[in-house]
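Protein chains in written order, with our numbering: chain A, 32 to 160; chain B, 329 to 436.
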């Protein structure tokens with residue numbers, strides 16, 4: 032198990048640390064973890080509203096030898112449930128296809144289990160891959 | 329991330345390599361937009377050296393497809409690695425971007 036605490040300006044180095052930490056994991060599992068980690072942390076850096084609080088962002092990653100991953104993303108920004116975001120219309124034609132929303136959509140596709148809760152002032156998103 | 333490009337027949341071949349993630353995808357997007365401004369007849373993206381494609385990378389592929397459609401440029405991708413292809417298909421990009429295994433297939 033590894034816990035990555037991130038300052039908002041440390042996105043790139045945090046993702047690099049995560050990648051180093053899971054380097055020995057099977058390629059496909061590693062890809063999915065990095066995809067999800069980038070998505071969650073990027074969304075927080077770009078969109079989260081911390082109001083007047085000092086931003087707290089952490090990502091806990093637990094995995095076993097079978098490459099089962101449990102990821103918990105926790106932050107103290109304003110309550111926001113990404114699972115309620117509407118899925119992009121993946122059958123749309125090129126003219127109507129919109130640029131956003133794909134990251135969380137694919138995160139949902141890759142996850143075996145997903146749960147969101149808002150507890151004691153923290154957004155908590157748990158994902159098993 | 330690096331981008332190489334060259335002309336083959338009437339096709340522009342664009343070859344990004346490395347990761348297309350939240351940091352590098354915008355650089356690739358800028359390079360691709362510039363190349364499409366030259367209005368080639370067709371633009372083929374060789375993705376065989378792309379090791380990681382995140383939603384930021386998908387957005388660049390989509391933006392390129394939209395520009396190409398508007399400019400009547402044929403836009404295709406080829407050579408995707410397994411997980412890159414997985415992300416591409418799960419996102420429904422096969423609905424509007426033709427993908428091929430090899431450059432020969434894409435040129436045919």
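Heads up, the beta-carbon is just placed ideally off N, CA and C, and yes, glycines get one too.
{"Check": "Chain B contacts from the segment 113-130 of chain A (Cβ-Cβ distance under 7 Å)", "Outcome": "121, 122, 124, 125, 128, 130"}
{"Check": "Contacts that residue 349 (chain B) makes with chain A (C-beta to C-beta distance below 7 Å)", "Outcome": "69"}
{"Check": "Burial state of residue 32 (chain A) (16 or more Cβ within 10 Å)", "Outcome": "exposed"}
{"Check": "Top-ranked residue by Cα proximity to residue 381 (chain B), from B:366, B:361, B:345", "Outcome": "B:345"}
{"Check": "Own chain, CB closer than 6 Å to residue 57 (chain A), minus 5 neighbours either side, in chain order", "Outcome": "98"}
{"Check": "Those residues which DSSP pairs with residue 336 (chain B) across a bridge", "Outcome": "B:339"}
{"Check": "Contact check, residue 102 (chain A) vs residue 158 (chain A), beta carbons under 8 Å", "Outcome": "yes"}
{"Check": "Secondary structure of residue 160 (chain A), DSSP reduced to three states", "Outcome": "coil"}
{"Check": "Residue 143 (chain A): contacting residues in chain B (beta-carbon distance under 9 Å)", "Outcome": "By Cβ distance, chain B contributes nothing, its closest Cβ being about 15 Å from residue 143 (chain A), past 9 Å."}
{"Check": "For residue 347 (chain B), the three-state DSSP class (helix, strand or coil)", "Outcome": "strand"}
{"Check": "Expected contact under 8 Å - CB spacing of residue 70 (chain A) and residue 131 (chain A) to nearest Å", "Outcome": "Going by Cβ atoms, the distance from residue 70 (chain A) to residue 131 (chain A) rounds to 12 Å, so no, they are not a contact pair."}
{"Check": "Close Cβ partners of residue 390 (chain B) (< 8 Å) along its chain, the five nearest in sequence each way excluded", "Outcome": "421"}
{"Check": "Beta carbon proximity, residue 137 (chain A) to chain B, threshold 8 Å", "Outcome": "yes"}
{"Check": "Among B:388, B:330, B:350, the one whose alpha carbon lies nearest that of residue 416 (chain B)", "Outcome": "B:388"}
{"Check": "Whole-Å CB distance - residue 374 (chain B) paired with residue 412 (chain B), under 8 Å assumed", "Outcome": "Between residue 412 (chain B) and residue 374 (chain B) the Cβ distance is about 12 Å, and since that is not below 8 Å, they are no contact."}
{"Check": "Start and end residues, beta strand (DSSP E) containing residue 329 (chain B)", "Outcome": "Run containing residue 329 (chain B): none; DSSP gives neither H nor E here."}
{"Check": "Contact check, residue 376 (chain B) vs residue 402 (chain B), beta carbons under 8 Å", "Outcome": "no"}
{"Check": "Residue range of the unbroken alpha helix (DSSP H) whose run includes residue 391 (chain B)", "Outcome": "383-399"}
{"Check": "Of the residues A:48, A:139, A:136, the one placed nearest residue 89 (chain A), counting alpha carbons only", "Outcome": "A:48"}
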